[in-house]
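In our numbering, the protein residues as written are 20 to 119.
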């Protein structure tokens with residue numbers, strides 16, 4: 020079931036997002052903006068994976084897989100939110116710097 024639903028690219032994308040997030044600095048606004056877009060896109064893909072996994076349940080249950088997918092979704096949501104906050108702070112920082 021999961022081999023057909025979860026592709027290698029899905030896992031690589033998730034790992035790349037997490038690595039990028041680990042290195043994100045508070046002042047890297049452009050990087051944060053790009054990261055929040057990628058995280059949102061990955062969240063959409065992983066929510067589709069969860070949906071397809073639940074649809075395929077009649078063939079066999081895999082609660083561990085579903086739990087892991089939920090964890091991935093939660094982490095992607097946190098990355099998206101944090102990156103968006105860093106990016107959102109850029110306007111405030113830019114406005115404050117231009118005053119001095």
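Ideal Cβ positions, reconstructed from N, Cα and C, are used throughout, including at glycine.
From the options, pick the residue whose C-alpha is nearest to that of residue i; which is it?
i           : options          : result
residue 102 : 50, 92, 28, 33   : 50
residue 73  : 29, 114, 88      : 88
residue 32  : 94, 114, 81      : 94
residue 57  : 116, 96, 90, 107 : 96
residue 86  : 100, 99, 65, 105 : 65
residue 116 : 46, 52, 84       : 46
residue 108 : 26, 52, 27       : 52
residue 98  : 60, 75, 111      : 60
residue 92  : 68, 43, 76       : 68
residue 90  : 37, 42, 26       : 37
Kindly indicate the opening and closing residues of the alpha helix (DSSP H) around residue i.
i          : result
residue 54 : 48 to 74
residue 36 : 27 to 41
Counting C-beta neighbours from all protein chains within 10 Å, is the total for residue i 16 or more, i.e. buried, or is it exposed?
i           : result
residue 35  : exposed
residue 113 : exposed
residue 13  : The question about residue 13 has no answer, for the chain in this structure spans 20 to 119.
residue 76  : exposed
For my contact list, residue i and residue j are in at a C-beta cut-off of 8 angstroms; report their separation, rounded to the angstrom.
i          : j           : result
residue 70 : residue 54  : At roughly 24 angstroms, the Cβ-Cβ gap does not stay under 8 angstroms, so residue 70 and residue 54 are not in contact.
residue 48 : residue 105 : 7 angstroms
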